[in-house]
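Working notes for the structure below.
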Amino acid sequence: MRPTPRGIAVVGVAVGAVAMALAFGARSLNALVVPALVALLAAVVQLRWLDRPTLDRTPPADDFVGETGTATLRFETDDPVFASVTERVAVGSREDGGSQEHTVETTVGGDPITVPVSFDARGEGVVGPTTVTARDVLGLLETTFDYTGTDSFLAYPPVRPLSDTAWHELSAMRDAGETPDRDEFDSLREYDRGDALRDIHWKTSAKRDDLIVKQFVADEDDDAVVLAAGGDPADADLLAEATASLAVALSEAGVPVHLVLPETTVESGLGGDQRVRMLEALARTAGGDRPEVDADVTVDAEGGRATIRVGTTETTFERLVGTATDDVVRGIAAVGGDGRSSGGASTGSAGEPDPRPTAADGGVDR
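For what it's worth, our numbering labels the leading residue of the sequence shown as 55, then goes sequentially.
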């Protein structure tokens, strides 16, 4: 417990009044002393009997780099008190991800407190610790409560849309029958984050409050594209962005993706949950040597450049998202379940740029 600037001023006035009364005999000055002492005593009693508020913190939902989320702080106490609440946020796994600090003047024990969180860098972010500086009613004294616990969230790598030709060729994988079992209806279920809009069963959804999607039978092991990625740790962000863009585009086209990273493997699958698992793995990757596996598609990031190889075709990530690269995307479609490829050297052809809607519009919740 310590005095605030206002409390120091009140103590100063009281001491000055006592000194003047003793020096000049002005007993009327004691009228200033008594209220000041009463106010200070009341402040001591209020804060002395103040129980430590309990904190329930909700971190922001996982989202993509560049987005803004909200952390929520809920305090419970029998005696609501005015306080300054300071929340610290560390964003991303890189040192340059930065940290944020937000201070709110509020009544602890009242309405929940919302704290904005900017997803400035890819990786795992942390909300907390929290500091509460409570003051008495008159603002004369204050006491501090520290909450050292933290909660984490993930900032996914950006997912960039593929070019016009790339997008259509990836979609053609499904239409050409690379995943034939997709035509075999299995069941209906509630919409999950990341499900493709084309799978929504609108007739059933219209009868309910929630969106309902169609579930299909899929032979994921036979039809899965093995996507292996690795690269210089200094280019880990580029590696994650390129791999995420390609993996999500394939998944949105109805192609199961088996993702292999230096640190982990995400088993093949389809649907929103699968895309979220891939994005979570890519949010955490720190780069490293690409695993030596029998891959259909490889991504290598080095020297500020991401190289994508399919069979004997090679291109860069920037060309794949910036222009139509027919050879590369047709190569991806060709290996949707028929075989495995190795690295090559030739470069795919390029067309005119035609930006597509983001992958989020096709089913990845951003």
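Even for Gly, the Cβ is constructed at its ideal location relative to N, Cα and C.
From a predicted model like this one, the values you see are computed outputs, not experimental measurements.
Residue i vs residue j beta-carbon contact at 9 angstroms
i: VAL191; j: PHE136; result: yes
i: VAL171; j: THR112; result: no
i: THR318; j: ALA298; result: no
i: VAL181; j: GLU155; result: no
i: ALA337; j: ALA188; result: no
i: THR168; j: VAL139; result: no
i: PRO212; j: PHE118; result: yes
i: LEU292; j: ALA355; result: yes
i: ASP133; j: GLY163; result: yes
i: LEU331; j: VAL347; result: As written in the sequence, residue 331 is Arg, which differs from the Leu given in the question. Not closer than 9 angstroms, so no.
i: GLU295; j: ALA349; result: no
i: VAL279; j: VAL351; result: yes
i: ASP105; j: THR122; result: no
i: THR184; j: LEU127; result: yes
i: LEU333; j: ASP174; result: no
i: LEU304; j: GLY203; result: no
i: ASP246; j: ASP327; result: yes
Delimiting residues of the beta strand (DSSP E) encompassing residue i
i: SER206; result: 205–210
i: ALA175; result: Segment: none, ALA175 is in no beta strand (DSSP E) and carries neither H nor E.
i: VAL139; result: 135–144
i: SER153; result: 153–162
Cross-strand partners of residue i (DSSP beta bridge)
i: GLY285; result: GLY342 and ALA355
i: PRO310; result: Answer by DSSP bridge pairing: none, since PRO310 is not bridged.
i: THR108; result: GLU130
i: THR297; result: THR297 pairs with nothing; no bridge assigned.
i: VAL267; result: ARG243 and ILE254
i: THR318; result: Bridge partners of THR318: none, in fact.
i: VAL280; result: HIS312
i: VAL375; result: Answer by DSSP bridge pairing: none, since VAL375 is not bridged.
i: ASP19; result: Since the first and last residues shown for the chain are 55 and 420, residue 19 lies out of range.
i: ARG189; result: GLU196
i: GLY123; result: VAL171
First through last residue of the alpha helix (DSSP H) which encompasses residue i
i: ASP200; result: It is not in any alpha helix (DSSP H) - ASP200 instead sits in the beta strand (DSSP E) that spans 195–201.
i: THR258; result: 256–260
Residue i burial status per 10 Å Cβ neighbour count (16 or more: buried)
i: THR379; result: In this prediction, THR379 has a pLDDT of 42, which is less than 50 and means its spatial position is unreliable; what the coordinates show is noted afterwards. THR379 should be labelled buried.
i: VAL92; result: exposed
i: ALA388; result: Residue placement at ALA388 is poorly supported in this model, since its pLDDT is 48, which falls under 50; the coordinates still yield a value, given next. Under this definition ALA388 is a buried residue.
i: GLY177; result: buried
i: PRO89; result: exposed
i: LEU242; result: exposed
i: ALA288; result: exposed
i: GLU244; result: exposed
i: MET55; result: exposed
i: GLU149; result: Unreliable positioning characterises GLU149 in this predicted model, as indicated by a pLDDT of 48, which lies under 50. The coordinate reading is nonetheless provided below. Counting Cβ neighbours within 10 Å, GLU149 comes out exposed, since fewer than 16 surround it.
i: PRO114; result: buried
i: ALA260; result: exposed
i: VAL375; result: buried
i: GLY179; result: buried
i: GLY325; result: buried
Check: residue i C-beta below 8 angstroms from any heavy atom of the ligand ZN
i: THR297; result: By its list of ligands, the structure shown contains no ligand whatsoever, and the ligand ZN lies outside what it can speak to.
Residue-level contact to chain D via CB, residue i, 9 angstroms cutoff
i: TRP256; result: Protein chains in the displayed structure number just one, and chain D is not present.
When the Cβ atoms of the stretch 342–353 are set against those of the stretch 277–293, are three or more pairs found closer than 8 angstroms? yes
Can you find at least 3 beta carbon pairs, one from the stretch 309–328 and one from the stretch 367–374, that sit closer than 8 angstroms? Because the criterion of three Cβ pairs below 8 angstroms is not met, the stretch 309–328 and the stretch 367–374 do not touch.
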